[in-house]
Amino acid sequence: MKKRKIELAVISDVHLGTYGCHAEELITYLNSIQPKKLILNGDIIDIWQFSKRYFPPSHLKVLRKIIGMASKGVEVYYITGNHDEMLRKFSNTSMGNFKVMDKLVLNLDGKKAWIFHGDVFDVSIQNAKWLAKLGGYGYDLLILINSFLNWCLAKMGREKYSLSKKIKNSVKGAVKYINNFEKTAAELAIENEYDYVVCGHIHQPKKEVYENKYGSCTYLNSGDWVENLTALEYSFKRWKIYHYNHDRLSPFFMDEDLKEMDMNDLIASITDKEVNIEDVAEDHFSETEEENIENDYLDDKGLSQD
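Just so we're aligned: the sequence shown equals residues 1 to 306 in the UniProt record's numbering.
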């Protein structure tokens, strides 16, 4: 399968090493693209909640995939976040195409993009880190409970439900915090004359133009790979929010899975329908046969279009 060629891809808040991480889906996404630059915008590895007892093979495959992309010429920027803040001691370190940093400024077609994780705006992290870590464990437990709930809903043929989204949207303090986060990031970007500000941290994918009396900028958030399964893509001078559950090309599974798929499964994954390959071949043959008969008839009558 051909990969989509894009200028830039941004992912954040993967939280490898936690139960809520959707590592296999992320591998599927990374297998479907061929970016010139890949930006890992913080909280890729959850060092806060790291446990030797839980780090499945699929999580290791994500790291191997990213390193493999760097070895094949993709520029990979690892921007540190709060859950992987231990890596900040290695900031401004380069290993071939793999670079570790705290923030990044890129020139994209004549416009400046300011990229950082966003935990610098989080007062709870700055003043009471223990409380933030406790909240992280509570969030992980909530995701685990939500996974069991969604398994039960799937068995009953009902749609999945996000407990954390419901809580965030219901609690006024959470809504206010998110709005303040986005406004603060945008105003700082305008003040520093950046055209784009790209964040993660709050697990809320978004693209919005902010304006004030000093100017305007586009605020972008890559979301996460715990609940939303989203990324940011930049190509042809445009930004797009990629939603795995809506935008994914079904054939882009992990390499091992793709090899095991037969043609019927492959077609079904693209069309979301059960298709019999023999019927497809038969239909194609019938159409071709009809065209040949028509051409033979025109030749016999001297009416060939040639």
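Here a beta-carbon is modelled for each residue, glycine too, at the ideal position from N, C-alpha and C.
Along the chain, where does the beta strand (DSSP E) that runs through residue i open and close?
| i | result |
| --- | --- |
| Ile33 | Ile33 to Asn41 |
| Asn97 | Taken as a continuous stretch (DSSP letters only), Asn97 belongs to no beta strand (DSSP E), as it is neither H nor E. |
| Lys72 | First-last for Lys72: undefined, no H or E at that position. |
| Lys5 | Arg4 to Ile11 |
| Leu106 | Lys103 to Leu108 |
| Ile115 | Lys111 to Phe116 |
Leaving aside the five residues before and after residue i along the sequence, list all residues of the same chain whose C-beta is less than 7 Å from its C-beta, in chain order.
| i | result |
| --- | --- |
| Gly96 | Ala70 |
| Ile45 | Leu16, Gly17 and Asp84 |
| Cys217 | Ala186, Ala189, Ile190, Tyr194, Asp195, Tyr196, Val197 and Tyr210 |
| Ile47 | His83, Asp84 and Met86 |
| Asn212 | Glu187 and Ile190 |
| Arg64 | none |
| Arg4 | Ser32, Ile33 and Gln34 |
| Lys2 | none |
| Ala231 | Ala9, Val10, Ile11, Tyr29, Ser222 and Tyr242 |
| Asp257 | With a pLDDT of 42 at Asp257, under the threshold of 50, the modelled position of this residue cannot be trusted; read the value that follows with caution. No residues qualify anywhere along the chain. |
My guess is that residue i and residue j are in contact by the Cβ rule of under 8 Å, so how many angstroms apart are they, rounded?
| i | j | result |
| --- | --- | --- |
| His203 | Glu227 | 6 Å |
| Ser235 | Ile6 | 4 Å |
| His201 | Asp119 | 5 Å |
| His117 | Gly42 | 3 Å |
Determine the extent of the alpha helix (DSSP H) in which residue i is found, giving its start and end residues.
| i | result |
| --- | --- |
| His246 | Tyr244 to Asp247 |
For residue i, which residues of its own chain have a beta-carbon under 8 Å away from its beta-carbon, when the five flanking residues on both sides are left out?
| i | result |
| --- | --- |
| Glu278 | Confidence in Glu278 is poor, its pLDDT being 41 and thus under 50, which makes the residue's placement unreliable; the coordinate value appears in the next sentence. Excluding sequence neighbours, Glu278 sits near nothing in its chain. |
| Tyr78 | Leu40, Ile44, Leu87, Phe98, Lys99, Val100 and Met101 |
| Phe90 | Val100 |
| Glu75 | Lys36, Lys37, Leu38, Asn97 and Lys99 |
| Thr184 | Phe121 |
| Asn192 | Trp114 |
| Thr80 | Gly42, Leu87, Arg88, Ser91, Val100, Met101, Asp102 and His117 |
Whose C-beta lies closer than 6 Å to the C-beta of residue i among residues of the same chain, with five residues either side of it excluded?
| i | result |
| --- | --- |
| Leu30 | Lys65 |
| Lys111 | Asp195 |
| Phe55 | Gly17 |
| Glu182 | Tyr219 |
| Ser58 | Ala23 and Glu24 |
| Glu233 | Ile6, Ala9, Lys240 and Tyr242 |
| Gly215 | Ile190 |
| Pro205 | Asn221, Gly223, Asn228, Thr230 and Ile241 |
| Phe285 | Bear in mind that the predicted position of Phe285 carries a pLDDT of just 38, short of 50, making it too unreliable to give a figure here. |
Query raised in the report: Which runs of the alpha helix (DSSP H) fall wholly inside the segment 179-253 and span at least 4 residues, in chain order?
Result: 244-247
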